[in-house]
Amino acid sequence: MTQLIWLSDLHFSASGPVFGIDTHARILAAIDYINRHHATAACCVISGDLVNRGGEKDYADLARILAAMRIPVFPMVGNHDNRELLRKHFSLPADTMSGFIQYQLNVGDHSILCLDTQHEGSDAGAFCAERADWLDTALSKATRPTLIFMHHPPLRLGLPMQDRDRLQDGDAFLSRLKCHPQVAYLCCGHVHRPISGVVEGIPFSTLRSALYQAPPPQPHWTWDTFSQAKEAPQLGVLTLSGSRVTIEFNEFCPAHGGPN
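To get the numbering used here, take the position in the sequence shown, counting from 1, and add 28.
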């Protein structure tokens with residue numbers, strides 16, 4: 029049995045609060061929770077939007093803060109991220125793609141594929157032929173149950189504002205996955221809401237942000253009327269055992285406070 033910790037959408041800012049939340053204090057709360065309760069986990073995967081605006085100091089400060097975590101940290105790229113600065117300030121696996129931040133991890137009995145769905149200049153995601161070829165090769169070689177982490181969900185989730193910025197051509201992406209029965213789970217960030225389901229026979233989950241939460245779709249809201257939901261941030265605790273995958277969604281601090 030192996031555990032993996034999942035964080036998403038840190039939106040760290042070195043220059044001050046985001047939506048009134050101290051991003052430094054929020055990350056310290058997550059690190060404290062992980063170090064106290066999950067220091068024996070194999071690693072922590074952060075599924076994109078590490079920073080809010082993508083500046084040099086944001087990445088430098090975030091890397092320094094995350095170094096306090098007692099388990100290895102594997103960052104991924106989201107629509108708010110800068111690939112070049114992420115590479116500069118974080119260590120990535122040696123086999124990471126040269127043009128994209130896409131790599132594979134082996135965790136216990138499972139393979140973990142961390143995908144790059146960034147489409148520069150857009151909040152929506154993309155998955156070009158080069159990235160798709162990498163995924164096909166990785167899946168064709170996979171001999172263990174495989175979890176896929178990605179920032180942009182490849183399907184509509186019933187979230188009108190977020191669905192328009194999902195992965196472009198998500199149906200083609202999902203058709204690619206369903207050809208590989210070893211794909212055991214799909215973990216997505218980006219939407220700042222906790223949603224689980226099954227698509228093309230593959231179970232999936234999204235996760236609350238480690239910083240601020242989007243409100244439910246009802247009552248209706250737009251980005252012009254956006255007001256963050258008064259919901260606590262979460263992290264995911266994945267337990268991997270043989271062909272089994274379970275995910276706990278744990279609140280690691282109050283919605284507007286410090287550590288529990």
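The beta carbon of each residue, even a glycine, is placed where N, CA and C say it ideally should be.
In this text, all values refer to a predicted model and were calculated from it rather than measured experimentally.
- Taking a cut-off of 8 Å for Cβ pairs, the region 120-135 and the region 88-97 do not touch, as fewer than three such pairs fall below it.
- Your pair V46 and L239 checks out as a contact, with CB atoms roughly 6 Å apart and the cut at 8 Å.
- Secondary structure within the region 206-255: not one fully enclosed alpha helix (DSSP H) run of 4 or more consecutive residues is present.
- When DSSP states are grouped into helix, strand and coil, H284 belongs to the coil group.
- Within a 10 Å sphere around the beta-carbon of R236 sit 16 or more other beta-carbons, which makes this residue buried.
- Distance from the CA of Q190 to the CA of S271, rounded to the nearest whole angstrom, comes to 31 Å.
- Across the set A58, P181 and G229, the C-alpha of P181 shows the shortest separation from the C-alpha of I223.
- The residues Q262, L263 and V265, in chain order, have a CB closer than 7 Å to that of N278 in the same chain once the five nearest residues on each side in sequence are set aside.
- With a 10 Å radius around the Cβ and a threshold of 16 neighbouring Cβ atoms, P247 comes out exposed.
- Straight-line measurement puts the Cα of Q31 at about 19 Å from the Cα of P121.
- The beta carbons of H108 and D144 sit about 14 Å from each other, so the pair does not count as a contact at 8 Å.
- For the pair G217 and S36, the CB atoms are nearer than the 7 Å cut-off.
- Taking the C-beta atoms as reference points, F177 is found no nearer than 7 Å to C207.
- CA-CA distance, R172 to G229, rounds to 18 Å.
- Annotated three-state conformation of A257 is strand, per DSSP.
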